[in-house]
Amino acid sequence: MKCCAAGAIVPNADVAGLVGDPIKLPCDVDRGKCGDLHSIKWYRGSSRIYVFSDMAGIARPEGEYAERLEECSET
Numbered sequence: 001m002k003c004c005a006a007g008a009i010v011p012n013a014d015v016a017g018l019v020g021d022p023i024k025l026p027c028d029v030d031r032g033k034c035g036d037l038h039s040i041k042w043y044r045g046s047s048r049i050y051v052f053s054d055m056a057g058i059a060r061p062e063g064e065y066a067e068r069l070e071e072c073s074e075t
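Following full-length UniProt numbering, the numbering of the sequence shown begins with 1 at its first residue and continues without gaps.
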């Protein structure tokens with residue numbers, strides 16, 4: 001899985017879980033290097049599975065994972 005933010009690819013992260021159990025998709029972004037973000041996109045292989053944009057008010061799963069993903073924010 002890879003995460004792209006502000007046109008830069010953030011290092012890959014391996015994510016594993018059991019069917020039916022929740023997992024978190026990480027995306028550690030250094031705003032000092034990347035500046036203000038327009039959007040963050042997560043990919044599995046070449047398929048985009050989630051897009052997030054705070055500025056545009058978008059947080060949605062896409063493609064075959066649309067029914068399986070939901071937003072989770074850290075507090």
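Ideal Cβ placement from N, Cα and C applies to all residues, glycine included.
Source: prediction; values computed, not measured.
By the three-class DSSP mapping on this structure, what secondary structure does residue i have?
| i | result |
| --- | --- |
| K41 | strand |
| R68 | coil |
For residue i, which of the options has the nearest alpha-carbon?
| i | options | result |
| --- | --- | --- |
| S39 | R31, S53, D28 | S53 |
| E62 | A56, M55, K41 | K41 |
| Y65 | A56, G35, G45 | G45 |
| V26 | L18, R68, Y43 | According to the sequence displayed, residue 26 carries Pro and not Val. Looking at the Cα atoms, Y43 is the closest of the given residues. |
Apart from the five residues on each side of it in sequence, which residues of its chain come closer than 8 Å, Cβ to Cβ, to residue i?
| i | result |
| --- | --- |
| I58 | S39, V51, F52 |
| A16 | I23 |
| A56 | H38, S39 |
If you drop the 5 nearest sequence neighbours on each side, which residues of the same chain put their C-beta closer than 7 Å to that of residue i?
| i | result |
| --- | --- |
| S47 | G63 |
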